[in-house]
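If you want this note's numbering, it's the position in the sequence shown, counting the first as 1, plus 2. Here's the structure we're looking at; comments come further down.
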Amino acid sequence: MIICSCNVLSDHDVRNAVTVGDRIPRTAGQVYGCLGCSAQCGRCARTIRQIMTEALGPCAKACCDGCPHSHAHEGHRHEGLRNAAAATPDQVAAAQPAEFDFQIAAA
């Protein structure tokens, strides 16, 4: 489901950003950064925080030192989460808009 119409982000994009990799974003702003965009109108920030809470469970509020989620993202991007480079034209045409970067899909 599209949760950010400004950046065309889906709940799946956000869930991947907070669960893939060893450095997990701790704020909605860090999620935007991981996905290569920034907040526009800000209406989706509450939903992003809700998805983060659901996806991370007890780690969402405070992590212990041994938790792999205890580090905040700094300069890390989840390149390829929304990348259509390997998709066929038929897959691009059939996909939801948030599944592919428009720059790649238009090429």
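C-beta atoms are modelled at their ideal positions from N, C-alpha and C, and glycine is treated no differently.
Where the alpha helix (DSSP H) through ILE50 begins and ends: 47-58
Cα-Cα separation, GLY38 to GLN52: 20 Å
Beta-carbon gap between CYS43 and CYS8 smaller than 8 Å: yes
Proximity winner among TYR34, ARG28 and ARG25, relative to SER12 (alpha-carbon distances): TYR34
Same chain, Cβ closer than 6 Å to ALA41, neighbours up to 5 away in sequence not counted: TYR34
Contact check, ALA30 vs ALA47, beta carbons under 8 Å: yes
Anticipated Cβ contact below 8 Å, VAL16 with ILE50, distance rounded: 5 Å
Environment of ARG2 [buried if 16+ CB atoms lie within 10 Å]: Past the boundaries of the shown model lies residue 2; the chain is included only from 3 to 109, so the question cannot be answered.
DSSP beta-bridge partners of ILE4: SER12
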